[in-house]
Amino acid sequence: MFRDREEAGLLLARELKKRRWSDPVVLAIPRGGLVIGAVLARELPAELDVVLARKLPAPGQPELALGAVSEDGEAILNPSLVHLVAAERDYIAREVERQWAEIRRRQALYRKVRPPARLSGRSVIVTDDGIATGSTMLAALHAVRAQQPTEVVVAVPVASPDRLPEIRRHCDALICLLAPEEFWAVGQFYEEFPQLSDAEATALLAEAWQTFQERSDMNQKAT
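Residue numbering for the sequence shown is 1 to 223, as defined by our numbering.
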């Protein structure tokens, strides 16, 4: 159990510091993942940016994910679940467009704060406040891989143990502090788990971007 996302981020950063990193960049899945990402970027230190993905809810079962939409607009589906709930093509197409519209809305907000980080040739750490179905994480990893980073590491405080094997197949390393057998929802492992507003999320990203630029300027002056 974590007190809040800040504490979870600090404990996760402790594990990440045990590794050697090549020009690291932390990509957080908004909005809750930005709290974790901001802590990791501060502690390592590293650059912070976002990677956007949205879950595709099953008809009549919003907590059940048929898959997710990545930030490039591609739908990553779970065919067995699509078949199980008999989701029709028209429903999936409408839901993909709805989630893609939300991704574009959030992209517009975050890109007012900072430009997209360069990922090619870098160590990329993808983080969130937890993994339940794994759908959004898989969609995020799909988009990240397309930008040819040196390595992709998934780092999360807690995850459903059932989803970890699939996540591992899509990254170079996985760091997860808790994977309890009795897993119902990410929020059950936090004493405090408030939802972040758009304003709070963009403020975290803006602060991290300013810190990164100031640190880069100091390093250039030192050399």
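C-beta: ideal position from N, C-alpha, C; glycine also.
Taking residue i as the reference, which of the options has the closest Cα?
i: E95; options: Q107, I76, V113; result: I76
i: A146; options: L119, A41, V154, G134; result: L119
i: A201; options: F183, Y190, R111, L141; result: R111
i: E207; options: R20, L48, R89; result: L48
i: A143; options: V50, R215, Q195; result: V50
i: E97; options: V153, G73, L27; result: G73
i: T150; options: W21, A222, P165; result: W21
i: A28; options: A139, F2, V82, M1; result: A139
i: V175; options: R19, D4, R5; result: Residue identity differs from the one stated: residue 175 is Ile in this sequence, not Val. Nearest of R19, D4, R5 to I175, Cα basis: R19.
i: P114; options: T127, N219, L205; result: For the record, residue 114 in the displayed sequence is Arg; it is not Pro. Closest by alpha carbon: L205.
Leaving aside the five residues before and after residue i along the sequence, list all residues of the same chain whose C-beta is less than 8 Å from its C-beta, in chain order.
i: P57; result: E63, L64, A65, L66, E95
i: Q107; result: L52, E71
i: N78; result: A65, L66, G67, S135
Are any of the Cβ atoms in chain C nearer than 7 Å to that of residue i?
i: V113; result: The displayed structure is made up of one protein chain only, and chain C is not part of it.
Under DSSP, the beta strand (DSSP E) around residue i begins and ends at which residues?
i: V158; result: 151 to 158
i: V126; result: 123 to 127
i: G67; result: 61 to 70
i: R54; result: 53 to 58
i: E7; result: From DSSP, E7 is part of no beta strand (DSSP E) but of the alpha helix (DSSP H) over 5 to 16.
Need the endpoints of the alpha helix (DSSP H) that residue i sits in, please.
i: V144; result: 135 to 145
i: V82; result: 79 to 84
i: D90; result: 89 to 113
i: I131; result: Taken as a continuous stretch (DSSP letters only), I131 belongs to no alpha helix (DSSP H), as it is neither H nor E.
To the nearest whole angstrom, what separates the beta carbons of residue i and residue j, a pair I think is in contact under 8 Å?
i: L12; j: P157; result: 6 Å
i: I131; j: R163; result: 6 Å
i: P24; j: A46; result: 4 Å
i: S160; j: F183; result: 4 Å
i: L178; j: F193; result: Contact flag wrong, Cβ pair sits at about 14 Å.
i: E191; j: M1; result: 7 Å
i: D153; j: L141; result: Residue identity differs from the one stated: residue 153 is Val in this sequence, not Asp. No, V153 and L141 are not in contact; Cβ-Cβ is about 10 Å, not under 8 Å.
For residue i, I'd like the list of residues in its chain whose CB is within less than 6 Å of its CB, leaving aside the five on either flank, ordered along the chain.
i: S135; result: K55, A65, G67, A68
What residues in its chain sit with their C-beta under 7 Å from that of residue i, if we drop five residues either side in the sequence?
i: P59; result: V85, A87, Y91
Check whether the stretch 101 to 117 and the stretch 160 to 180 are in contact - that is, three or more C-beta pairs closer than 8 Å.
no
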